[in-house]
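Only one structure is covered here, and it is reproduced in the block below.
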Amino acid sequence: MKRQRTLPQIGGAEPPSVLLSSGDISNASIPPFALIPMLQHAGMPARCLVRPGDKVQEGMLIGKADGARSANVHSSVPGTVVSVSETKGADGVACQAALIEFGGEFGRTGKPISTSDWQALPRAELLGRISACGVVGLGGGLLPTHIKLARERGRAVSLLIANGMESEPSLHADFCLMREKSREIAVGMRICQRILDAARVVLAISELSEEGLAPFFRRAFAETGGGFEIMALPGRYPQGHEDLVRGSVVARTASSNGNPPCVESVDCVVLNVATLFAVYEAVVLQRPLIERLVTVSGSAVRRPGVLKVRVGTRVGDLFEECGGLVDPPGKVVLGGPMRGVCVSSLDYPVTKGVAGVMAFTRAEARGGSQLPCIRCGACIEACAWGLVPTRLNKLIEQGSTAAAFAEGLSSCTECGCCAFACPSRIPLVDGLRKGKKLGAIDTNG
Amino acid sequence: MLVVSPAPHVGGLSSTRRLNWSVACCLLPAAAWGVFLFGVPALSVLGVALGASLAAELLAALAWRRVTLADGSAAVTGLLVGMLMPPGVPLYVPAVASAFAIIIVKQSFGGLGRNWMNPALGGVVFALFSWANAMNSWLPARGVAAGTGVLPPLNALRAALTGAKSAHRGALAVLGASSYPWSAADGRVVAWINTHILSLAGWSLPGGVFDMLVGNIPGRIGDVSVPLLFLGAAYLLGRRVIRWQVPVTYLVTFCVAAQIFGGLPMGCGWGTGGALFQLFSGSLVLGAFFMATDPVTSPLTGTGKLLYGMCLGVLSFFLRYFGSGGDGVPLAIVLGNCVVPVIDRFAQPRVGSPGKAAAG
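Quick note, the sequences are listed as chains R and U, same order. Okay, so the first sequence: first residue is 0 according to numbering that gives the first Met the number 0, each after it adds one. Okay, so the second sequence: first residue is 0 according to numbering that gives the first Met the number 0, each after it adds one.
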């Protein structure tokens, strides 16, 4: 476990990526009804503050963070609360959700923007604004950002990395955001640098998008004070994973003796660019996190694209915005092709963590039939964490979960590369996930 | 109704079916060469081996209630059994070998992916031990008069060297001295090269070089044409159907061992083994690229594959030079299959180190 994570060309997968014809962002329509779950983050669900019949404003606090890793939830539209009821998220976890019927006036949208001079604010106030606005890690972790930033209180963080690597193939929202909002992201980086007292700040971007993005950021960094670095990393999935980004950036840092320092010895915080943009909006505009960029793609979508979507918008409506679906879809996925979660209907809402929605045709949804493992080793070559997925899967099937953990099961990040590479179409990730769940039950009781 | 399934929602292009059928297709040129060389007998041996293999798979499918013909593994097994047969073998031998391969070696252990021994080699080794004489029914190459003591060069070399403890200048020279019959085409080509090119430098090639290189020699149906085997292997390597580790370490280990120690049993001193002659005779190339690479019966990891290849090289060397006869490759790979679990146990990647990159 102490070995260094230099990465890159090894392991991983190259699924076909649908490149969007333009990097333009279009605004999705305001949803007539917004379904806003109280659980859109890592910890406990937020405590719902509204009741049916209540009038709410755009950006009004409707869920109060409840517990250490919880985050605030805000209304994404002005209107009236129709109902507050128990609903199940795409991951199967139930929580309260407020259904809000759109009506009345926008409090912020279309109004002149008041900016505040954040540089004069104390550190606690900066953290307070981030926390109040319900900012969470938008790269997929969904850990409330103020926790990530406050974690190192009292101790200087040597390295802050802005992660501009797309978290999954076929997702382009981060790329679009970085092209449109380089200055805002740069300010977000400044704010976090100030909070963490970070000595060094690096923006990690994919080699594939370096040419398109680096000029914007060089200018943005210069305008906001300079001193930030841009580092292009290989664009191969799962390079965008936080651990791998950190490992690669540290490995490319020559220290005084010429060798890169050990990853574990570097105090490092990695924040996704969308999160940094949300930090900027929270601190400078005091705008809560109520909308995000969503990539709409998949074989059944007529015009794939990137949409700016309000939290609570029905997933089905996003497909309508993108020209509708070619056929009745066979499978609808929240997230990307490698780690996304299937949903059973088009009525699920977009939440803070949904970076993409995908619809697959029926033919594609069926997938190939499973054959026995032929021990080809493709899953081993694909695993960036040096695991032997096929062996772990067999151990778990045999009930030897403890042996699987001894061989590194806990290092698995469920990136999906092993199952992607498997010629026999064995659902390895599913097997390993089940093993981890069994292990968690074993250790808890 | 929407499908709900675990991630990932996309799959790679490679599939087990496609892998098996690519191997089968890449064997075809070499098999076709065997048919060209030995004619109808070779074709019927291949046909019987393939047919018996598919029939056995179908029988097993009925017994186990799962039809697995489409995965292509039975076709590869049948083709390989046929290619490892001498062309003059009585037809019941390939039939029984194929059936043994499919039913005993593969299906009785649970079918594709669960057999610990390469099915085709299991069947062939079974035939080698059961019908030793029938497995020596060779046919002459093209352009050679029939009846002039038909033996593959390797066997002929062995016979010529028995008892002879004198220094020799290479395998082909020994064969030449024992008046081994090469084809008329070989005589013409070698003479032309010797007079027009090599004479300028004062060198000359022994007879048989051309026959050996193109595979116009008596031998097993599928192993005579080394160039066509290399061609098929190159495609498989390029498409990453097979990995380089096993064949490269196998062939290199064998050739180095053969070159250094190969002369000793014949009393010819170090470094006179004639590795090139060994490479082009017997089933070495067929075995290294098409049987040692069988994923089911070879180690999982890259390191394991390197170790396995070396193991096979050493085993093949000993079996070929010190064994009781034959070229040693089928038996070497079958023995190699036995040590795969041990190799797998010791050649596991280090957790937390992303592949080979950690070393650099």
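In this text, a Cβ means the ideal position worked out from N, Cα and C, and glycines have one as well.
So is residue i in contact with chain R if we call contact Cβ pairs under 8 angstroms?
i: residue 314 (chain U); result: no
i: residue 300 (chain U); result: yes
i: residue 347 (chain U); result: yes
i: residue 295 (chain U); result: yes
i: residue 18 (chain U); result: yes
i: residue 70 (chain U); result: yes
Relative to the C-alpha of residue i, which residue among the options is closest?
i: residue 208 (chain U); options: U:14, U:232, U:171 and U:103; result: U:171
i: residue 380 (chain R); options: R:360, R:421 and R:243; result: R:421
i: residue 53 (chain U); options: U:98, U:12 and U:186; result: U:98
i: residue 111 (chain U); options: U:260, U:130 and U:69; result: U:69
i: residue 75 (chain U); options: U:128, U:33 and U:18; result: U:18
i: residue 327 (chain U); options: U:337, U:281, U:300 and U:285; result: U:281
i: residue 412 (chain R); options: R:85, R:239, R:27 and R:71; result: R:239
i: residue 160 (chain R); options: R:43, R:292, R:231 and R:119; result: R:231
i: residue 82 (chain U); options: U:113, U:55, U:107 and U:31; result: U:31
i: residue 285 (chain R); options: R:60, R:37 and R:34; result: R:60
i: residue 58 (chain U); options: U:187, U:89, U:105 and U:272; result: U:105
i: residue 62 (chain U); options: U:107, U:93 and U:9; result: U:107
i: residue 234 (chain R); options: R:391, R:204 and R:345; result: R:204
i: residue 289 (chain R); options: R:272, R:307 and R:302; result: R:307
i: residue 291 (chain U); options: U:91, U:331, U:273 and U:4; result: U:331
Run through chain R and tell me which residues come within less than 8 angstroms of residue i, C-beta to C-beta.
i: residue 13 (chain U); result: 377, 420 and 422
Does residue i have its Cβ less than 8 angstroms from a Cβ in chain U?
i: residue 316 (chain R); result: no
i: residue 387 (chain R); result: yes
i: residue 367 (chain R); result: yes
i: residue 399 (chain R); result: no
Leaving out five residues on either side along the sequence, give the residues of the same chain with a beta carbon under 6 angstroms from the beta carbon of residue i.
i: residue 294 (chain R); result: 170, 171, 172, 305 and 355
i: residue 138 (chain U); result: 37, 86 and 87
i: residue 312 (chain U); result: 249, 252 and 253
i: residue 324 (chain R); result: 299, 318 and 358
i: residue 72 (chain U); result: 19 and 111
i: residue 334 (chain U); result: 314
i: residue 232 (chain U); result: 288
i: residue 158 (chain U); result: none
i: residue 154 (chain U); result: none
Quick one: list the residues of chain U neighbouring residue i, beta-carbon separation under 9 angstroms, in chain order.
i: residue 359 (chain R); result: 2, 8 and 9
i: residue 332 (chain R); result: 6 and 8
i: residue 196 (chain R); result: Correct list: empty, because the minimum Cβ distance to chain U is about 30 angstroms.
i: residue 364 (chain R); result: 1, 2, 4 and 8
i: residue 341 (chain R); result: 1, 2, 3, 4, 5, 6 and 8
i: residue 344 (chain R); result: 1
Run through chain R and tell me which residues come within less than 9 angstroms of residue i, C-beta to C-beta.
i: residue 112 (chain U); result: 370, 371, 372, 373, 374 and 423
What is the DSSP secondary structure of residue i, counted as helix, strand or coil?
i: residue 179 (chain U); result: coil
i: residue 154 (chain U); result: helix
i: residue 416 (chain R); result: helix
i: residue 0 (chain U); result: coil
i: residue 444 (chain R); result: Note that residue 444 (chain R) scores a pLDDT of 48, beneath 50, so its modelled location is shaky and nothing firm can be said.
i: residue 346 (chain U); result: coil
i: residue 340 (chain R); result: strand
i: residue 79 (chain R); result: strand
i: residue 271 (chain U); result: coil
i: residue 227 (chain R); result: coil
i: residue 54 (chain R); result: strand
i: residue 211 (chain U); result: helix
i: residue 217 (chain R); result: helix
In chain U, which residues lie with their C-beta within 7 angstroms of the C-beta of residue i?
i: residue 426 (chain R); result: 5
i: residue 415 (chain R); result: 6 and 7
i: residue 429 (chain R); result: 5
What residues in its chain sit with their C-beta under 7 angstroms from that of residue i, if we drop five residues either side in the sequence?
i: residue 342 (chain U); result: 298, 303, 306 and 307
i: residue 276 (chain R); result: 176, 180, 183, 184 and 187
i: residue 312 (chain R); result: 27, 30, 33, 348 and 349
Using a Cβ cut-off of 8 angstroms, pull out every chain U residue sitting near residue i, in sequence order please.
i: residue 329 (chain R); result: 1 and 2
i: residue 338 (chain R); result: 6 and 7
i: residue 91 (chain R); result: The premise fails here: residue 91 (chain R) is roughly 10 angstroms from chain U at the closest Cβ pair, so nothing lies under 8 angstroms.
Residues in its own chain within less than 8 angstroms of residue i by CB, not counting five upstream and five downstream?
i: residue 316 (chain R); result: 27, 28 and 30
i: residue 339 (chain R); result: 167, 332, 333, 355 and 357
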